[in-house]
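K.L.:
Residue numbers for the sequence shown follow this note's numbering, so the first one is 112 and each next one is one higher.
Yeah, the Cβ is synthetic: ideal placement off N, Cα and C, and Gly gets one too.
This is the structure I want to talk about, given as structure tokens.
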Amino acid sequence: MADNTNTFNLKSRWQWGISCGCVLVLGACQGPGTVSPQPSGSQDTPRANASTLPGVIATPPPGGQTLAPFTLPRLGARTLIEADIPSANLQVPLTPDSNQTSGSTPGIPTPLPAATSDISVIEKSTFNGKLFDDLGVPLEGATVKVRSLNTSVPYEAETYTVGGEFAFNNVPSGIQIEIITSKVGFATRKRVEVIKSNKQGDPNANRYDFGTDQGQRAPVAQPAFSAPPILPSPLLPPLATASIAESQFNTRSNDMGSLSYQGLMGKSYLEKLKTQIQLRSPISASLILPWEALRLEPLNFSNLNFVSPFQVGMGLVQVASGGSSGQDLYEWGAQLRLPAQALQSRPPVVLTLLIERSALMGSFRAYATGSTAPPSLWDLAKQVIQSFTTGLKSGDKINLLVFSEHAETLVSGLDFNSGSPLNQALQTQSPKGQARLLPALTAAYTLAESQSDASKNQRILLLSSCSNLSLAGQQTEILNLVESKAQSGLPLSVVSLGELADRELLENLQNKGRGVARSLLGQSELEMLPQILPGLLLPSARLIRFRLETPPQMGLRASSSSLQGGTSLWSGSFLPSEMQIFWQRFAVPSGQVLSGTFRLHVDFLNAAGQPQTVTIEEPVASLLGQNASALRDAGIINLLYRLLAGQTENATAQAELNSYYGAQNTTLGNEYRSLIQVWSGQ
């Protein structure tokens, strides 16, 4: 590694050749965990533990039994209120079991004992189901929430139904999971299940429907009275999050000075987060990634210098001085950008497209904003291919396969001239069946090898949900195949579609496949695809890691990066036209003259797969006052994320807005100021 290490000053410039290849996979992603908004004036209210919230079932339903009826009746219909259901009509008691452990709380599900407190070693599984109303019609757009009832194995996630269907990934098996379904205008229903291991990938192993369709409905005993209308519950005051002390660490340490970078997510994730804030909805922990927001927002640093292969800029600005704290506060930031690559400068490629067409792709929908109906994942996949074809050129050779249980070749050895043959071939296909990723990848590699051309780079592009439902318990075999083919000259990249993909799987695929991973939640990313296609086919910087050294008198107070070091996030890749901005706040004793140097180290694998280190350094004197407006915008963005993560309280956030950023009047700053005020109830 030392032989490949080069140190650069921002004033120096040198370039080096790039040659490599990758295989591209498009899939989907969803992460667990939610954060409730904090009301104004409730900062001291302790957060309730999720395991102590009141439940309906006192003991777990034996043998998969559930509450009845399990349909979601319309408001005002002849139906039941859960509190009024006589215990005789239930298959489980509403009151505590006579064998209940002494000291347990009545009406609260008793979690099963945990085999281990380390969730990382607990086997993960999937479950899915379908919701029907009291007329047997699939219920569209209902909210489905799930949470672990075992305090030592936390899990919490939320989704909505499409065509009545819902699914969850990465659920710890062997523990009690509470499933809650709701929709405005309908009764809420709950059930508690123990998720089973599903190494065989059986889509019905953990299937939990609420009601059945009209032709299959089992008769449900109706009460002897007509229940009053079930009115929508008022919005309860959100729980306050206990303030979390920000970690202090020596930024000169190679490990703890590392800055988080992931680069998986796209613009739709940011749109979804902003929408949930405006609606004051619970926020998924998978969306609280400030470094991703800084990657996606238009923060413009000036005076960028070329330090191969990056364009780099830094800045340092003082935001507060002295006062009762006796400390001056400074904010530092850096922007790294990869210049766009011209289409004609890209080497020709043999590109093998592999597209999932399972029923899952037709059942689930991408994220959409406004009044436009969201496309299915299958429609989104077709739009992705249409967009990508504008980034292909004469001299490229294209193969196209689709797969569900089996792979089918639609186009083989096509000398690219236009995207019409690909688009026309896909129009004849429709989603059906179950996805089987391992045999599909095997078929794609075989076709790619049969069409190899020594004058062209070899690439494979897979568009898939990449959910656990497509793994069929064969993840190890899949990763072994991807790794061996990458070593032989067929690298793999991943871009996920929608919210179903396993993020860990995406990371593993890009690492083993020597390629790139990206997530497309919705249509907002389509316009960027042609610009990043050269990087998907030929990444300039893989397995990238950022480390920061600062002058020793500067104490870290807040950061856009993971305060635990973010070791699991150092596998990101940089693509042409992409950037990353880092932000950190430091405290310096008042009256102390700043001196020293900021050094930003970038470790990565270049296009040839060789380890490289670039070091960018600037003395404090030359940084002071640089990029002040962009840094203050970055500070407001990070203030929102610290508020969402419970690292600062409502009153503190408002005071920081007024004290540090009161004069910041930019489009981006005003947008995030509004989001902070909405979330904190101002």
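Quick one: grab the DSSP three-state call for Glu467.
P.N.:
It is a strand residue.
K.L.:
What are the uninterrupted segments assigned as beta strand (DSSP E) that are 3 or more residues long and contained completely in the region 237-300, given in chain order?
P.N.:
Runs found: 254-259, 267-271, 276-283, 287-293.
K.L.:
Roughly how many angstroms lie between the CA atoms of Lys508 and Gly252, to the nearest whole one?
P.N.:
Each residue's Cα considered, the two are about 42 Å apart.
K.L.:
Could you tell me whether the region 563-570 touches the region 519-530, where touching means 3 or more Cβ pairs closer than 8 Å?
P.N.:
Segments in contact, no.
K.L.:
Which one of Pro550, Thr557, Glu519, Leu549 has the shortest CA to CA distance from Ser541?
P.N.:
Comparing Cα-Cα distances from Ser541 to each of Pro550, Thr557, Glu519, Leu549, the minimum goes to Glu519.
K.L.:
Excluding sequence positions up to five away, which residues of its chain have a Cβ less than 6 Å from the Cβ of Val428?
P.N.:
Closer than 6 Å at the Cβ level, and outside the excluded window around Val428, lie Glu442, Ala739, Leu742.
K.L.:
Which word fits Gln775, buried or exposed, when buried means at least 16 other C-beta atoms lie within 10 angstroms of its C-beta?
P.N.:
Its Cβ being crowded by 16 or more others within 10 Å, Gln775 is buried.
K.L.:
Would you tell me roughly how many angstroms separate the C-alpha atoms of Tyr380 and Ser563, rounded to the nearest one?
P.N.:
Rounded to whole angstroms, Tyr380 to Ser563 spans 37 Å at the Cα level.
K.L.:
By how many angstroms is the C-alpha of Glu728 removed from the C-alpha of Gly609?
P.N.:
Gly609 and Glu728: Cα-Cα distance of roughly 39 Å.
K.L.:
Return the first residue and the last residue of the alpha helix (DSSP H) that Tyr556 is part of.
P.N.:
548-561 is the extent of the alpha helix (DSSP H) around Tyr556.
K.L.:
How far does the beta strand (DSSP E) with Phe475 in it reach, from first residue to last?
P.N.:
Neither: Phe475 is in no beta strand (DSSP E) and is coded neither H nor E.
K.L.:
For Thr778 and Asp744, what's the separation of their Cα atoms in angstroms?
P.N.:
For Thr778 and Asp744, the distance between alpha carbons rounds to 9 Å.
K.L.:
Assign Thr221 to buried or exposed, taking buried as 16 or more other Cβ atoms, counted over all protein chains shown, within 10 Å of its Cβ.
P.N.:
Here the model assigns Thr221 a pLDDT of 35, short of 50, so the residue's position is not dependable and the matter cannot be decided.
K.L.:
I want to know whether the region 744-754 touches the region 719-736 - three or more CB-CB distances under 8 Å.
P.N.:
Contact fails: fewer than three Cβ-Cβ distances are below 8 Å.
K.L.:
Which one of Ser259, Ala555, Leu647 has the shortest CA to CA distance from Gln287?
P.N.:
Considering only alpha carbons, the answer is Ser259.
K.L.:
What number of angstroms, rounded off, separates the C-alpha of Asp320 from the C-alpha of Asn261?
P.N.:
Near 23 Å, if we compare the C-alpha coordinates of Asn261 and Asp320.
K.L.:
Using the C-alpha atoms, what's the distance from Pro401 back to Glu802?
P.N.:
Residue 802 lies beyond the stretch modelled for the chain, which goes from 112 to 793, so this question has no answer here.
K.L.:
For Gly524, name the three-state secondary structure that DSSP assigns.
P.N.:
Reduced to three states, the DSSP call for Gly524 is strand.
K.L.:
For Gln775, name the three-state secondary structure that DSSP assigns.
P.N.:
Residue state, collapsed to three classes: coil.
K.L.:
Tell me whether Pro687 is buried or exposed, calling it buried when 16 or more other Cβ atoms sit within 10 Å of its Cβ.
P.N.:
Buried: at least 16 other Cβ atoms inside 10 Å.
K.L.:
If you draw a straight line from the C-alpha of Ala583 to the C-alpha of His517, how long is it?
P.N.:
Each residue's Cα considered, the two are about 13 Å apart.
K.L.:
In terms of DSSP beta bridges, what is Trp694 paired with?
P.N.:
BP columns for Trp694 point to Gly444.
K.L.:
Could you tell me the alpha carbon to alpha carbon distance between Ser487 and Gly274, rounded to whole angstroms?
P.N.:
Taking the straight line from one Cα to the other gives about 11 Å.
K.L.:
Please list the terminal residues of the continuous beta strand (DSSP E) segment that includes Ser307.
P.N.:
It should be pointed out that residue 307 corresponds to Lys in this sequence rather than to Ser. Here Lys307 belongs to no beta strand (DSSP E), and DSSP marks it neither H nor E.
K.L.:
Taking the straight line between their C-alpha atoms, what separation do you get for Gly433 and Asp439?
P.N.:
About 5 Å.
K.L.:
Can you give the Cα-Cα distance for Lys241 and Leu734, rounded to whole angstroms?
P.N.:
So the alpha carbons of these two residues sit roughly 57 Å apart.
K.L.:
Just to confirm before moving on: does the CB-CB distance between Ala445 and Met472 stay below 8 Å?
P.N.:
Contact: no.
K.L.:
Using DSSP's beta-bridge definition, name the partner residues of Ala652.
P.N.:
DSSP lists Phe685 as partners of Ala652.
K.L.:
Using the Cα positions of Val430 and Ala612, report the straight-line distance between them to the nearest angstrom.
P.N.:
Taking the straight line joining both Cα atoms gives about 41 Å.
K.L.:
Rounded to the nearest angstrom, what separates Ile747 and Glu276 at their Cα positions?
P.N.:
Rounded to whole angstroms, Ile747 to Glu276 spans 38 Å at the Cα level.
K.L.:
Considering Cα atoms alone, identify which of Pro249, Ala555, Thr237, Asn717 is closest to Phe297.
P.N.:
Out of Pro249, Ala555, Thr237, Asn717, Pro249 has the C-alpha closest to the C-alpha of Phe297.
K.L.:
List the endpoints of the continuous beta strand (DSSP E) containing Ile727.
P.N.:
722-730 is the extent of the beta strand (DSSP E) around Ile727.
K.L.:
Would you mind working out which of Glu618, Leu454, Lys235 sits nearest Ser630, comparing C-alpha positions?
P.N.:
It is Glu618 whose Cα lies nearest to the Cα of Ser630.
K.L.:
What did DSSP end up calling Phe412 once you bin it into helix, strand or coil?
P.N.:
DSSP places Phe412 in coil when its eight states are reduced to three.
K.L.:
With burial defined as no fewer than 16 other Cβ atoms inside 10 Å of the residue's Cβ, what is the status of Gly736: buried or exposed?
P.N.:
Its Cβ having fewer than 16 others within 10 Å, Gly736 is exposed.
K.L.:
Give the DSSP-derived three-state secondary structure of Glu628 in the structure shown.
P.N.:
In the sequence as displayed, the identity of residue 628 is Ala instead of Glu. Ala628 falls in the strand class under three-state DSSP.
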